[in-house]
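First the structure, in the form of structure tokens, and then the observations on it.
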Amino acid sequence: MLKINLCGIEFRNPVFLASGIMGETGSALKRIAKGGAGAVTTKSIGLNPNPGHRNPTIVEVYGGFLNAMGLPNPGIDEYLEEIKGVRDELNRMDIRIIGSIYGKDEEEFAEVAKKMEEYVDIIELNISCPHAKGYGATIGQNPDLSYSVCKAVKKAVKVPVFAKLTPNVTDIIEIAQAVVDAGVDGLVAINTVRGMAIDIKAKKPILANKFGGLSGRAIKPIGIKVVWDLYENFDVPIIGVGGIMSGEDAIEYMMAGASAVQIGSGVYYRGYDIFKKVCDEIINFLKEENLTLKEIVGIAHE
Amino acid sequence: MEKPVICRIKEIIEESPTVKTFIIDKDFDFKPGQFAMLWLPGVDEKPFGFSSKNSFSVARVGNFTKKMHELKEGDIIGVRGPYGTYFEPMGDKVLAVAGGIGAAPIVTAVEEFSKQGVEITTILGARSKEELLFLDRFKKSGRLEICTDDGSFGFKGFTTEKMKEILKEERFDLIITCGPEIMMKKVVDIANEYNIPVQVSMERYMKCGIGICGQCCVDDEGLCVCKDGPVFWGDKLKFIKEFGKYKRDASGKKIYY
Ligand SMILES: Cc1cc2nc3c(=O)[nH]c(=O)nc-3n(C[C@H](O)[C@H](O)[C@H](O)COP(=O)(O)OP(=O)(O)OC[C@H]3O[C@@H](n4cnc5c(N)ncnc54)[C@H](O)[C@@H]3O)c2cc1C
Ligand SMILES: Cc1cc2nc3c(=O)[nH]c(=O)nc-3n(C[C@H](O)[C@H](O)[C@H](O)COP(=O)(O)O)c2cc1C
């Protein structure tokens, strides 16, 4: 009932793990797969090992979390060993892997993508992380850079390529147009929303990086609007992310135009099996309303 | 809310040449073995076990702990916690094996168990006499066996040698341990030989402390040391293949023991 097909790839269900949550090791991805996710997205992986920012890298605020992890990862070569260790098991469970990658420029992106390609079903380009200077949103806030990165990766690999967008821009359509022109197969929206929290007794920003990205309940309306705008303007599939805690939230994203969703912060609020819970809630809704998954995608636009 | 609570340091106790205890002005409702993320604004935020409801005992090993040791009474630190699983009593007779700074969580467990009427034997190990921690607190809570690597006090040798000696004579219902992983691995092997249930407190590089960033996940089942641990029962350890073999650094790269 929840089976979907994106770019010719079958997914057991449309509820995926978002990048950066529990994605640093193969075994953690396997644990999330057992929690019912249709696909798991890796931590964003770069060319070389990166310890990330100093702690505090995360702090809770009303409506979610602020994080500035700083893209910690062991580098693509070592990370591939993590994926190889669980690839067969995930295949057996019929769970897809989305390989999230980052780089400082188009060459680096293409190089990491090429290495990653063999072991994943989709490549997701992180051009949207708000707190890693020179990476992520530095690219994703600039249509020309976004275009060249997407173009280079599309040329380098055969698997479908999705671009993950940042909401921290004036005109999301301009950026999305650039990456669609570059030939990406789909869009993922949204990454976190820039924010800061100050401890008034310490008289300092709490995050070591000073600012970070907001995730969780508070950003759902922002994500819904971005997905809505993308659906109005483009024909490529959209994966909705941002503040999804329940089946109802997932359905809201789908009605705005998302074919699938990803969950990050919700793992904290509802556990590692939130994926199964959300799937059950989606099924209940579809039964109640006598609708199919296909029918609800974009239904709010009609 | 998962955010630091700012506390003021009331008193600093020099426990040994390398360990200081920081007593703070707030009490936390912790269970033995649980930890908190301690924040030094402008420096870092790292995990430390509670050594009582209002204190942490910190061994100086690197930059953060050096900065901790430079703190003065009246200074502030942020405390985020308590987090994680804890030591649980079972049966009437418990053997506790503590190595080095591992004595900090163990002493809180031993005190709590003894209050509940459990008979305790603690094997406490350190490099030398000066590095032995919490002698008075351990003695008040039961029998204490001391080991030093250099023989400057008590038994000369490892805690695990003493443990084998004691187990030849006596039966225990439960073994709890905290210390260097190599020591704990041996403790677990010996406990298994004698078929005694065991609980260990593990350490892995931690960032979020609340089970979402994935930094401290252990192979092969992706258990989070910060949330599913740090205290694991022996039967859960069977799902932690990397125990005693390797850990990961801040980037996620494997480091073999
Ligand atoms: C659950 C738990 C409870 C702990 N309880 C205590 C305690 O009560 N008293 C005490 O003195 N120490 C305790 N530690 C260890 C303490 O966190 C490290 O000694 C401290 O982080 C070292 O920081 P550093 O900058 O001084 O040293 P570094 O030179 O950075 O590191 C020295 C060692 O500490 C480890 N370490 C460094 N950063 C972290 C981190 N963020 N998370 C986990 N390990 C790290 C490193 O892997 C390395 O082996 C505990 C660790 C954990 C995981
Ligand atoms: C701790 C943490 C780490 C994250 N790391 C990444 C990352 O490495 N790459 C990325 O594209 N997004 C990362 N994100 C963003 C999430 O993938 C997601 O876009 C965002 O959290 C919104 O979804 P949520 O509200 O369900 O958490 C991270 C988010 C969090 C909370």
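Going down the list, the protein sequences come from chains W and L. Under our numbering, the first sequence has 69 at position 69, and the numbering climbs by one with no breaks. Under our numbering, the second sequence has 246 at position 246, and the numbering climbs by one with no breaks. Cβ coordinates follow ideal geometry from the N, Cα and C atoms, glycine included.
Short CB-CB distance (under 8 angstroms) between residue i and chain W
{"i": "E45 (chain L)", "result": "yes"}
{"i": "K253 (chain L)", "result": "yes"}
{"i": "K139 (chain L)", "result": "no"}
{"i": "M1 (chain L)", "result": "yes"}
{"i": "P89 (chain L)", "result": "no"}
beta-carbon residue i near ligand 2 non-hydrogen atom, thresh 7 angstroms
{"i": "M254 (chain W)", "result": "no"}
{"i": "V226 (chain W)", "result": "no"}
{"i": "M1 (chain L)", "result": "no"}
{"i": "V241 (chain W)", "result": "yes"}
{"i": "C224 (chain L)", "result": "no"}
{"i": "M69 (chain W)", "result": "yes"}
{"i": "K204 (chain W)", "result": "no"}
{"i": "F275 (chain W)", "result": "no"}
{"i": "F65 (chain W)", "result": "yes"}
{"i": "T192 (chain W)", "result": "yes"}
{"i": "S265 (chain W)", "result": "yes"}
{"i": "C213 (chain L)", "result": "yes"}
{"i": "G244 (chain L)", "result": "no"}
6 angstroms Cβ shell around residue i - same chain, five flanking residues per side excluded
{"i": "N48 (chain W)", "result": "G75"}
{"i": "M254 (chain W)", "result": "I296, V297"}
{"i": "D94 (chain W)", "result": "R12"}
{"i": "T18 (chain L)", "result": "A59, R60"}
{"i": "E24 (chain W)", "result": "K43"}
{"i": "V231 (chain L)", "result": "G33, T85, Y86, F87, Q199, S201"}
{"i": "E2 (chain L)", "result": "I210"}
{"i": "W39 (chain L)", "result": "P4, E45, G78"}
{"i": "K67 (chain L)", "result": "L40, V43"}
Cα-Cα separation, residue i to residue j
{"i": "M184 (chain L)", "j": "S201 (chain L)", "result": "9 angstroms"}
{"i": "D92 (chain L)", "j": "K241 (chain L)", "result": "31 angstroms"}
{"i": "V179 (chain W)", "j": "G134 (chain W)", "result": "19 angstroms"}
{"i": "S251 (chain L)", "j": "M69 (chain W)", "result": "11 angstroms"}
{"i": "V198 (chain L)", "j": "P41 (chain L)", "result": "37 angstroms"}
{"i": "C129 (chain W)", "j": "G46 (chain W)", "result": "13 angstroms"}
{"i": "V112 (chain W)", "j": "G64 (chain W)", "result": "31 angstroms"}
{"i": "E60 (chain W)", "j": "T108 (chain L)", "result": "29 angstroms"}
{"i": "T159 (chain L)", "j": "K46 (chain L)", "result": "27 angstroms"}
{"i": "G229 (chain L)", "j": "E131 (chain L)", "result": "27 angstroms"}
{"i": "I251 (chain W)", "j": "K225 (chain W)", "result": "14 angstroms"}
{"i": "I196 (chain L)", "j": "L71 (chain L)", "result": "42 angstroms"}
{"i": "C178 (chain L)", "j": "R54 (chain W)", "result": "26 angstroms"}
{"i": "L167 (chain L)", "j": "W233 (chain L)", "result": "20 angstroms"}
{"i": "G100 (chain L)", "j": "L230 (chain W)", "result": "58 angstroms"}
Residue i beta carbon near ligand 1 (any heavy atom closer than 7 angstroms)
{"i": "N63 (chain L)", "result": "yes"}
{"i": "R137 (chain L)", "result": "no"}
{"i": "Y256 (chain L)", "result": "no"}
{"i": "Y205 (chain L)", "result": "yes"}
{"i": "K66 (chain L)", "result": "yes"}
{"i": "F48 (chain L)", "result": "yes"}
{"i": "F56 (chain L)", "result": "yes"}
{"i": "I101 (chain L)", "result": "yes"}
{"i": "S51 (chain L)", "result": "yes"}
Residues of its chain near residue i, where Cβ-Cβ distance is below 7 angstroms and the 5 sequence neighbours each way are ignored
{"i": "K53 (chain L)", "result": "D27, F28, F30"}
{"i": "K254 (chain L)", "result": "Y246, R248"}
{"i": "M349 (chain W)", "result": "The displayed coordinates of chain W run from 1 to 302. Any statement about residue 349 (chain W) would go beyond what the structure contains."}
{"i": "T41 (chain W)", "result": "F16, L17, A18, S19, G23, I98, S100, E124, Q262"}
{"i": "K164 (chain L)", "result": "I190"}
{"i": "N126 (chain W)", "result": "S19, S44, S100, I101, Y102, G136, K164"}
{"i": "E11 (chain L)", "result": "I23, E73"}
{"i": "V227 (chain W)", "result": "A189, I238, G240, Y253, A256, G257, A258"}
Cutoff 8 angstroms; reference residue i; Cβ partners in own chain excluding five residues on either side
{"i": "I9 (chain W)", "result": "R96, D121, I122, P160"}
{"i": "E174 (chain W)", "result": "P143"}
CB contact below 8 angstroms: residue i versus chain L
{"i": "A202 (chain W)", "result": "yes"}
{"i": "M69 (chain W)", "result": "yes"}
{"i": "T57 (chain W)", "result": "yes"}
{"i": "G243 (chain W)", "result": "no"}
{"i": "P74 (chain W)", "result": "yes"}
Any non-hydrogen atom of ligand 3 within 7 angstroms of residue i CB
{"i": "P230 (chain L)", "result": "Because ligand 3 does not appear in the structure shown, any question about it cannot be addressed here, the ligands present being ligand 1 and ligand 2."}
Which runs of the beta strand (DSSP E) spanning at least 3 residues fall entirely within the region 14–52 of chain L, listed in chain order?
19–24, 35–40, 44–52
Pick out the complete beta strand (DSSP E) segments inside the region 42–121 of chain W, 3 residues or longer, and give them in chain order.
58–61, 64–67, 96–101
Which ranges does the beta strand (DSSP E) cover as unbroken runs of at least 3 residues, wholly within the region 128–199 of chain W, from first to last along the chain?
If we require 3 residues or more, the beta strand (DSSP E) runs fully inside the region 128–199 of chain W come out as 161–165, 186–189, 193–196.
Mind pulling the alpha helix (DSSP H) runs of 4 or more residues that sit fully within the region 188–249 of chain L?
234–237
Extract the residue ranges of the alpha helix (DSSP H) inside the region 196–277 of chain W, only unbroken runs of 4 or more that lie entirely within it.
Scanning the region 196–277 of chain W from its first residue to its last, the whole alpha helix (DSSP H) runs of 4-plus residues come out as 220–233, 247–256, 266–270.
Quick one: complete alpha helix (DSSP H) runs, 4+ long, within the region 138–198 of chain L?
Segments of the alpha helix (DSSP H) lying fully in the region 138–198 of chain L: 159–169, 181–193.
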